[in-house]
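**Student:** My questions will all concern the structure given below.
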Amino acid sequence: MVTEEYRSIDSEVVRKIEQVYDTAVIFCLQRKTFNSEVLCKAFELDPYTCEELITTMLINGVIGDISDDGEYRVSDNYNHSNYLLAEELKKEEKVKEVTKPTIKLGRYFGFLALVVFVVSVYFLFRSPMSLFIVIPLSLAIVSGVEKIGAVASSIGVIVVCGASIMWVNSASPIFGERYEARVALEEYKDNERKARIEEMNQVSFGEKRLKNSLKDPSSADIRNSRLGKSGVTCGEVNAKNSFGAFTGYKNFIQIGSTTLIDDGSSEFTKEWNEMCR
Numbered sequence: 021m022v023t024e025e026y027r028s029i030d031s032e033v034v035r036k037i038e039q040v041y042d043t044a045v046i047f048c049l050q051r052k053t054f055n056s057e058v059l060c061k062a063f064e065l066d067p068y069t070c071e072e073l074i075t076t077m078l079i080n081g082v083i084g085d086i087s088d089d090g091e092y093r094v095s096d097n098y099n100h101s102n103y104l105l106a107e108e109l110k111k112e113e114k115v116k117e118v119t120k121p122t123i124k125l126g127r128y129f130g131f132l133a134l135v136v137f138v139v140s141v142y143f144l145f146r147s148p149m150s151l152f153i154v155i156p157l158s159l160a161i162v163s164g165v166e167k168i169g170a171v172a173s174s175i176g177v178i179v180v181c182g183a184s185i186m187w188v189n190s191a192s193p194i195f196g197e198r199y200e201a202r203v204a205l206e207e208y209k210d211n212e213r214k215a216r217i218e219e220m221n222q223v224s225f226g227e228k229r230l231k232n233s234l235k236d237p238s239s240a241d242i243r244n245s246r247l248g249k250s251g252v253t254c255g256e257v258n259a260k261n262s263f264g265a266f267t268g269y270k271n272f273i274q275i276g277s278t279t280l281i282d283d284g285s286s287e288f289t290k291e292w293n294e295m296c297r
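Residue 21 is where the sequence shown starts when you use our numbering, and the numbers rise one by one after that.
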């Protein structure tokens, strides 16, 4: 690395000096004294480049004295390791300056990726199986952040989440009007299922009460049971009478603990038509 003085020198000369500078300094430190001819010959430099190299070493404090016969003497106070350390610090500062925008951009995309991931998980919870795809893929991409960089990693997570949401939503709606319609349909089906279960429980309870009211509960054969108006149980029953003979299938109405069996009367027919039709 050469000093700021060399900005006005031909770029090719600067490049050549940068290539040989550290090696040339070490060469001179080992010899203690040298002249331009020896230096030019050792590094195969043209006179102009060699002169500029010596000037650079003078500026940087490598050369402490010049004798009358043109011999250069290395300064006793010069420490090349300090020079190298200073140059390394300069390089690090330049790297920091270059990487600052990248770091800021990486943080921005990282935050954006986090927001997209959280929102995606929120919606994908409506289709839980999709989480077994999105979460592992996102973690795999994030684990490679050191290799591909924060920006690329964040963009990868955003793409995975976005594509997953679109794909899942096309198969099973998780947002929008189609999702609202899906939720409404599921609620309707759930209510229907609960209503059927409740009806079955009421009918079963009514059948038990009917059997308990018969002379011979074990002989009862019930069919076409259903729930009538006001929660009564309607159906047909064939059971033995007090003489031990089956009566044949007759309509029945179970109203709470009260059992009504068709006896051919107009009163029963009226109740049946009102409660069970």
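Ideal placement from N, C-alpha and C gives every residue a C-beta, glycine not left out.
Can you give me the Cβ contacts of Ser101 inside the same chain, cut-off strictly under 6 Å, excluding the 5 residues immediately before and after it?
**Tutor:** Excluding sequence neighbours, Ser101 sits near nothing in its chain.
**Student:** Using beta-carbon positions only, say whether Ser150 and Ser190 come within less than 8 Å of one another.
**Tutor:** Cβ atoms of Ser150 and Ser190: not closer than 8 Å.
**Student:** Beta strand (DSSP E) containing Lys270: first to last residue?
**Tutor:** Looking at the DSSP string, the run of the beta strand (DSSP E) that includes Lys270 is Lys270 to Ile275.
**Student:** What are the start and end residues of the alpha helix (DSSP H) that includes Arg51?
**Tutor:** Run containing Arg51: Ser31 to Arg51, per the alpha helix (DSSP H) assignment.
**Student:** Taking the alpha carbon of Ile8 as the reference point, which residue from Asn293, Gly90, Leu230 and Ala265 has its own alpha carbon closest?
**Tutor:** As shown, the chain starts at 21 and ends at 297. That puts residue 8 outside it, with no answer to give.
**Student:** Taking 7 Å as the cut-off, does the CB of Phe152 come closer than this to any heavy atom belonging to the ligand NAD?
**Tutor:** Ligands displayed in this structure: none; no statement on the ligand NAD is therefore possible.
**Student:** Would you please state the rounded distance, in angstroms, between the beta carbons of Val177 and Ser158? I believe it to be under 8 Å.
**Tutor:** Confirmed, Cβ separation roughly 5 Å.
**Student:** May I have the straight-line CA-CA distance separating Ala204 from Ile194, to the nearest angstrom?
**Tutor:** If I take the Cα positions, the gap works out to 13 Å.
**Student:** Roughly how many angstroms separate the alpha carbons of Val82 and Ala172, rounded to a whole number?
**Tutor:** Approximately 46 Å, taken between the alpha carbons.
**Student:** Output the boundary residues of the alpha helix (DSSP H) element that contains Asp210.
**Tutor:** Where Asp210 is concerned, the enclosing alpha helix (DSSP H) stretches over Gly196 to Ser233.
**Student:** If you draw a straight line from the alpha carbon of Ile153 to that of Leu144, how long is it in whole angstroms?
**Tutor:** Looking at the two C-alpha atoms, the distance is approximately 10 Å.
**Student:** Taking 6 Å as the limit between beta carbons, can you name the residues of its chain near Gly90, skipping five residues before and five after?
**Tutor:** Answer for Gly90: Asn55, listed in chain order.
**Student:** Which same chain residues end up closer than 7 Å to Phe47 when comparing Cβ atoms and leaving out the 5 residues on each side of it in sequence?
**Tutor:** Excluding residues within five positions, the ones whose Cβ falls inside 7 Å are Ala62.
**Student:** Between Arg243 and Tyr269, which are expected to be in contact by the criterion C-beta below 8 Å, what is the C-beta distance as a whole number of angstroms?
**Tutor:** 7 Å between Cβ atoms; contact.
**Student:** With Leu247 as the anchor, note down where its alpha helix (DSSP H) starts and where it stops.
**Tutor:** Taken as a continuous stretch (DSSP letters only), Leu247 belongs to no alpha helix (DSSP H), being part of the beta strand (DSSP E) at Asp241 to Leu247.
**Student:** Measure from the alpha carbon of Ser262 to the alpha carbon of each residue in Ser285, Glu166, Val138 and Ala240, then state which is nearest.
**Tutor:** The residue with the shortest Cα to Cα distance from Ser262 is Ala240.
**Student:** Tell me the rounded alpha-carbon separation between Gly84 and Leu73.
**Tutor:** When rounded, the distance between both Cα atoms is 15 Å.
**Student:** Alpha carbon to alpha carbon, how far is Val180 from Ala160? Give it in angstroms, no decimals.
**Tutor:** Rounded to the nearest angstrom, the two C-alpha atoms are 11 Å apart.
**Student:** Between the alpha carbons of Lys36 and Arg51, how many angstroms are there, rounded?
**Tutor:** Those two C-alpha atoms are separated by around 22 Å.
**Student:** Can you tell me whether Tyr128 is helix, strand or coil according to DSSP?
**Tutor:** Of the three classes helix, strand and coil, the one that applies to Tyr128 here is helix, per DSSP.
**Student:** Are there 16 or more other CB atoms within 10 angstroms of the CB of Thr23, so buried, or fewer, so exposed?
**Tutor:** At Thr23, the pLDDT of 46 sits below 50, so the modelled position is not reliable; the number obtained from the coordinates is stated separately. Exposed: under 16 other Cβ atoms inside 10 Å.
**Student:** Alpha carbon to alpha carbon, how far is Ile79 from Glu113?
**Tutor:** Using only the alpha carbons, I get a separation of about 22 Å.
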